[in-house]
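Participant:
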Amino acid sequence: IAATDNNAYNALVCTDFAPEIGRSRVFQIGDRDSENHRKELHFTLGGRPLMKPGFDLDELELRHATGWTFTSSRITDEFRWDAFLASRPEGTVPILWINPSSELRFVSTQANPQPSVGSHVISFGPKPEREQKPAQGDGEKPTP
941 IAATDNNAYN ALVCTDFAPE IGRSRVFQIG DRDSENHRKE LHFTLGGRPL MKPGFDLDEL
1001 ELRHATGWTF TSSRITDEFR WDAFLASRPE GTVPILWINP SSELRFVSTQ ANPQPSVGSH
1061 VISFGPKPER EQKPAQGDGE KPTP
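Going by our numbering, the letters in the sequence shown line up with residues 941 to 1084, in that order.
Have a look at this one:
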């Protein structure tokens, strides 16, 4: 994963490593309008996008500074992919999942991502709002 604030350098690093480790295994953080630039570049330059367009390093750092975090969630029989997506705060970006066989799958490379049961999903998003009940003795009296 090439993740600097210089998109051209990220593309160069990915282009350099692609023949060694495989084009499908090199990723880079994109620039703000990577869709437009992607059309201009030859298909052998750079890496695959790590995240959806618009997430450059500055955007990642800005969101992290406002409280966004990386989280890991396990997909189970009771908590499948659709339930995972529904449980995340708005704007959350699933990045990848790790299959039970320890294989990494990046969401950006999947047409229809469907992590299997036992997979661990890594996502980046706002902290979930948690309801906090006031503890007894915090000025609130129990209702009779």
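Cβ atoms here follow ideal geometry from the backbone N, Cα and C, with glycine treated the same way.
Keep in mind the model is a prediction, meaning the values are calculated, not measured.
With DSSP as the reference, please indicate the residues paired to His1060 in a beta bridge.
Facilitator: Answer is Arg1014, Ile1038.
Participant: Below 8 Å between beta carbons: does that hold for Gln1054 and Trp1021?
Facilitator: Yes, the pair counts as a contact, with Cβ atoms nearer than the cut-off.
Participant: So, helix, strand or coil for Arg1003, using DSSP?
Facilitator: Correct three-state label for Arg1003: helix.
Participant: Ala951: buried (16+ other C-beta within 10 angstroms of its C-beta) or exposed?
Facilitator: Classification for Ala951: buried.
Participant: Hey, could you find the ends of the alpha helix (DSSP H) Phe1046 is sitting in?
Facilitator: Premise fails: Phe1046 lies in the beta strand (DSSP E), 1044-1046, not in any alpha helix (DSSP H).
Participant: Based on Cα-Cα distance, which residue from Gly1058, Asp945, Asn1052, Phe1046 lies nearest to Asp998?
Facilitator: Checking every option, the nearest Cα to that of Asp998 belongs to Asp945.
Participant: CB-CB under 7 Å to Phe957, same chain, minus the five flanking residues each way: which ones, in chain order?
Facilitator: Excluding positions up to five away in sequence, the list reads Val966.
Participant: Measuring only the C-alpha atoms, how far is Phe1010 from Phe995?
Facilitator: If you take the alpha carbons of Phe1010 and Phe995, they lie about 14 Å apart.
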